[in-house]
């Protein structure tokens with residue numbers, strides 16, 4: 001009996017000793033690992049510190065200004081290029097919910113000539129500069145809008161600007177009536193300068209589009225410039241009015 | 001434990017009682033008894049020692065008192081690996097940081113062939129001098145620095161040589177990414193990373209104890225714009241120096257402070273010591289007409305002088321051998337508004353004399369003009385205040401001579417004059433938006449509002465038309481002081497300054513420019529006064545910093561702005577009944593949309 005109990009205790013001590021031994025070695029190993037990780041962290045932090053310093057050095061305003069003068073045509077913003085928020089006109093709310101539109105239109109499609117008869121597709125030249133083709137206007141929607149809302153500046157319901165907007169519209173647009181296809185795309189004449197010369201007070205209030213429909217040959221030099229904002233593109237009009245996009 | 005020493009049996013101690021008689025005492029039993037007792041004693045001792053060892057073992061292993069603390073924590077990820085905290089601007093751009101570099105040293109005792117080592121080192125580090133290095137390496141010392149703060153490339157080059165007896169030591173080096181742009185503010189450190197100037201010196205303790213970056217109120221972009229314009233002004237007018245300050249009047253933050261010429265904080269020594277001089281805070285100057293801001297504010301705030309009162313500006317004032325006269329003589333007497341607008345010396349003197357010496361002294365003391373400002377820079381100049389303060393001093397101080405203060409004093413006090421009358425202590429540290437801004441009411445809000453009109457008046461109709469930045473409603477006051485050379489004033493060396501503020505209907509920022517010894521140019525018809533030199537610079541600065549500071553440009557002709565800033569020469573603050581035909585429809589706050597018919601730009 002005595003022998004058994006001694007054996008039991010001895011065994012227990014031996015087991016405890018073994019576990020302790022193992023644990024201590026494990027701890028030692030982990031500590032070494034921790035130490036090496038800490039050293040690595042330090043090295044990385046030092047590298048980050050150097051990168052931060054380099055970033056700041058490269059972002060030195062003096063250097064940036066020289067670079068911008070060399071490579072860009074940007075100039076310091078002038079006071080006249082700022083407008084107050086309340087001058088930016090709100091989009092007129094359509095009297096009829098736009099949910100009536102049968103199908104989502106291509107993003108760049110805009111209603112430009114609501115005075116025309118419904119179901120007649122019109123081509124928008126502002127888009128043609130982007131997409132290189134005529135764009136269709138949804139027939140039903142055109143009818144709704146043309147009939148209800150006199151303000152021609154009503155843009156379509158907010159079209160999400162997707163990359164697809166850049167895809168030639170003809171690829172995306174619903175089938176065109178033949179007449180529309182054949183019709184030459186009217187050239188937009190509202191150049192920023194002309195918009196800018198409009199009486200300042202008129203635009204924000206009513207946003208009556210300038211007589212954009214009259215066709216006029218585009219000037220060769222103007223082609224290279226970014227497409228002029230459309231008459232009902234309120235932000236664009238404002239930008240143009242301020243002469244900021246030249 | 002009470003253990004008897006070996007050989008002494010408690011039962012058979014020297015004075016012990018004899019064993020019980022019942023047991024026969026044979027020699028064998030005695031010997032047995034003795035040996036058993038000795039065994040017991042030995043066992044007890046062994047037990048004691050082992051217990052002690054056991055206790056100590058438990059203590060050492062489980063409680064771990066004396067042992068070195070083991071690194072049980074992971075290194076902090078956010079803590080910088082250096083001993084000196086960064087300095088950043090208000091937007092978090094680095095202005096000063098510490099980089100770990102390697103420094104090269106040698107133990108000459110371990111170098112057997114110094115000539116070869118020196119030759120190899122000079123090929124890797126061409127900037128070292130061979131002879132000098134050879135002398136170092138063949139010396140008797142155990143430690144010589146060869147080169148400190150190597151770049152990683154240089155370190156690799158030396159490393160590749162594989163020289164024995166040559167070692168690297170990790171050191172820290174202060175690096176200033178913005179370099180000259182903030183040199184007077186941030187200052188610099190010595191080779192052992194102790195701050196020797198600027199904020200590095202002022203916050204030496206803070207930077208070495210708290211690893212968090214020290215955030216300044218400075219905006220690096222404004223700093224750049226200010227420096228660029230000051231540099232241009234110096235070049236245009238062949239000046240010897242210039243200083244500029246952009247200051248937030250609402251909380252006393254210094255957004256930008258430049259003093260030219262400046263220096264490279266990486267190499268501050270061995271240069272022209274003049275470049276180390278901070279004109280914005282350490283330099284004290286006679287401010288000239290900008291002091292009329294304080295003279296006028298004092299007069300209006302006293303209640304004894306109204307803005308429509310007139311003062312004699314025709315007759316010169318004779319004091320001893322001096323004559324106080326106007327820069328341009330006036331043919332009629334001027335109102336207070338005109339005195340400020342036209343910067344009349346005689347009018348200012350008579351206004352100051354109306355109130356007296358003591359009033360002026362206490363007013364300027366209240367504005368903090370007689371002590372260094374609260375700015376956190378070791379380079380903080382003491383004003384030169386007349387002692388005793390006589391009547392003649394009062395006269396000259398009224399138009400900014402006879403008392404020298406730093407540009408920071410002027411800006412700080414002027415901010416209080418226009419911000420509603422609250423003097424905030426200036427600071428270079430970004431204020432906690434939640435904390436209350438310390439401040440002291442020094443003039444009444446009513447006086448402050450009148451001063452704002454007068455500021456604007458100087459720019460619309462006075463001496464500083466060049467400072468106008470359309471849309472930003474700039475106001476201000478020019479100042480031209482003749483510099484004292486020896487004991488007299490030099491006619492042709494001036495300190496030309498302009499203290500501008502914008503937007504005047506609701507002042508946010510003060511922009512101050514002071515140019516040291518500008519020379520007139522053909523373009524300015526030979527003039528080098530504040531209105532010709534400093535005011536256009538301020539106008540250009542405001543145009544550029546306005547958008548960065550988020551100040552909304554307004555239509556300066558709109559009725560609200562005109563109502564808030566109008567004053568005329570007679571001191572009337574109501575604009576004439578039919579306001580000037582508005583170029584814009586009402587309600588429009590667009591600053592300057594090109595009128596119909598004009599092409600933009």
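Chains as they are written, first to last, in the UniProt record's numbering: chain X, 1 to 246; chain P, 1 to 601.
For glycine and all other residues, C-beta sits at the position ideal for the given N, C-alpha and C.
Just so you know, these numbers come straight off a predicted model, no measurement behind them.
- Taking the beta carbon of residue 231(P) as reference, no residue of chain X falls within 7 Å; the closest one sits roughly 10 Å away.
- Rounded to whole angstroms, the Cβ separation of residue 289(P) and residue 477(P) is 7 Å, and the two are in contact under 8 Å.
- In this structure, DSSP gives residue 370(P) a state outside helix and strand, which the three-state scheme calls coil.
- No Cβ-Cβ contact shorter than 8 Å links residue 45(X) with residue 97(P).
- Beta-bridge pairing by DSSP links residue 105(P) to 145(P), 167(P).
- If you check the CB distance, residue 218(P) and residue 89(P) come in under 8 Å.
- If you look at residue 484(P), you'll find it in the beta strand (DSSP E) that goes 475-485.
- If you compare the alpha carbons of 386(P), 473(P), 515(P) with that of residue 358(P), the shortest gap goes to 386(P).
- Within chain P, 99 have C-beta atoms less than 7 Å from the C-beta of residue 50(X), given in sequence order.
- Proximity of residue 82(P) to chain X, defined by a Cβ-Cβ separation below 8 Å, is satisfied.
- Taking 8 Å as the threshold, the shortest C-beta distance from residue 465(P) to chain X does not fall below it.
- Counted as a single uninterrupted DSSP element, the stretch harbouring residue 516(P) is not any alpha helix (DSSP H) but the beta strand (DSSP E) occupying residues 509-516.
- Counting C-beta pairs with one atom in each stretch, the region 430-438 of chain P and the region 209-228 of chain P have three or more that are closer than 8 Å, which means they touch.
- Annotation: residue 550(P) is outside any alpha helix (DSSP H) and is labelled neither H nor E by DSSP.
- Look at residue 221(P): its C-beta is under 8 Å from a C-beta on chain X.
- Beyond the five residues adjoining it in sequence on each side, residue 360(P) comes within less than 7 Å, by CB distance, of 298, 352, 394, 397 in the same chain, given in chain order.
- Within the same chain, and ignoring the five residues on either side of residue 99(P) in sequence, the residues whose Cβ sits closer than 6 Å to its Cβ are 173, 175.
- With the criterion set as a beta carbon lying under 9 Å from some beta carbon of chain P, the members of the region 68-82 of chain X are 76, 77, 78, 79, 80, 81, 82, in sequence order.
- Residues of chain P whose Cβ lies closer than 9 Å to the Cβ of residue 94(X) do not exist, since the nearest Cβ in that chain is about 26 Å away.
- Residues of the region 469-496 of chain P with a Cβ closer than 8 Å to any Cβ of chain X, in chain order: 469, 470, 471, 472.
- Put simply, the CB of residue 57(X) is near chain P, with a gap under 8 Å to one of its CB atoms.
- Boundaries for residue 191(P): no beta strand (DSSP E) harbours it, and the DSSP string shows neither H nor E there.
- If you draw a straight line from the Cα of residue 310(P) to the Cα of residue 295(P), it is about 15 Å long.
- Within the same chain, 286 come within 6 Å of residue 401(P) by CB-CB distance, once the 5 residues on both sides are set aside.
- Within chain X, the residues placing a beta-carbon under 7 Å from that of residue 546(P) are 79, ordered along the chain.
- Ranked by Cα distance from residue 306(P), the options 450(P), 196(P), 193(P) are led by 450(P).
- Spanning the alpha carbons of residue 275(P) and residue 260(P) requires a straight line of approximately 7 Å.
- Taking the CA atoms as reference points, residue 189(P) sits about 30 Å from residue 404(P).
- If you draw a 10 Å sphere on the C-beta of residue 72(X), you find fewer than 16 other C-beta atoms in it, and that means exposed.
- Using a Cβ-Cβ cut-off of 7 Å, residue 89(X) is close to nothing in chain P; its nearest Cβ partner there is about 12 Å away.
- The alpha-carbon of residue 47(P) is positioned some 12 Å away from that of residue 55(P).
- For the region 526-553 of chain P, the set of residues with a beta-carbon nearer than 8 Å to any beta-carbon of chain X comprises 543, 544, 546, 547, 552, 553, in chain order.
- Listed along chain P is no residue with a C-beta nearer than 8 Å to that of residue 23(X); the closest approach is about 11 Å.
- In the three-state reduction of the DSSP assignment, residue 55(P) falls in the helix class, which pools H, G and I.
- If one requires a minimum length of 4 residues, the alpha helix (DSSP H) runs lying completely within the region 105-139 of chain P are 114-124, 130-137, in chain order.
- Assignment of alpha helix (DSSP H) within the region 219-275 of chain P, counting only whole runs of 4 or more residues, yields 220-237 in chain order.
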